[in-house]
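In our numbering, the protein residues as written are 207 to 324.
For each residue, glycine too, the CB sits at the ideal point set by N, CA and C.
Remember, predicted model here, so these are calculated numbers, not experimental data.
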């Protein structure tokens, strides 16, 4: 399947089945990634979803960055939904608090400036 760019000033570098619907979004490559937040970026990987404004997913699989300026570096099944939330990697982590960080395996950082490493 082809890559799909819907919005102005958006770029998909390569890969397959990637979709961009946000203004000024970027997907470097990979497969089945979706960047819908304004200025959201996905470096690569598969089935990642960056829907927050200025959200970033570097890679991995099945990760989501829905918070404003949220970031997921990689891993699998991680969700960064808080504003400025960060997940450096691991699996099944959730960073939903403002300025929170979750890392490792199944860590949940749900409060403001919460740091969880499991």
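Own chain partners of residue 263 with C-beta closer than 6 Å, once the 5 adjacent residues on each side are dropped | The count along the chain shown starts at 1 and reaches residue 263 at position 57. Taken in chain order, the residues that qualify are 248, 254, 256, 269, 271, 278.
Does any residue of chain C bring its CB to less than 7 Å from the CB of residue 264?
-> Chain labels in this structure do not include chain C; a single protein chain is all it has.
Would the beta-carbon of residue 250 fall within 7 Å of that of residue 276?
-> Counting from 1 along the chain shown, the entry for residue 250 is found at position 44. Counting from 1 along the chain shown, the entry for residue 276 is found at position 70. Contact: no.
Can you tell me whether DSSP reads residue 386 as helix, strand or coil?
-> Within the shown structure, residues of the chain are numbered from 207 to 324, placing residue 386 beyond reach of any answer.
So, residue 261 versus residue 246, is the Cβ gap smaller than 7 Å?
-> Here the question's residue 261 lines up with position 55 in the chain shown. Here the question's residue 246 lines up with position 40 in the chain shown. Yes, the Cβ-Cβ distance between residue 261 and residue 246 is below 7 Å.
Three-way DSSP call (helix, strand, coil) for residue 226 in this model | Taking the first residue of the chain shown as position 1, residue 226 is located at position 20. It is a strand residue.
Extent of the continuous beta strand (DSSP E) run through residue 318 = Taking the first residue of the chain shown as position 1, residue 318 is located at position 112. Taken as a continuous stretch (DSSP letters only), residue 318 belongs to no beta strand (DSSP E), as it is neither H nor E.
Determine the burial state of residue 284: buried for a count of at least 16 other Cβ atoms within 10 Å of its Cβ, exposed for fewer.
-> Here the question's residue 284 lines up with position 78 in the chain shown. Counting Cβ neighbours within 10 Å, residue 284 comes out buried, since at least 16 surround it.
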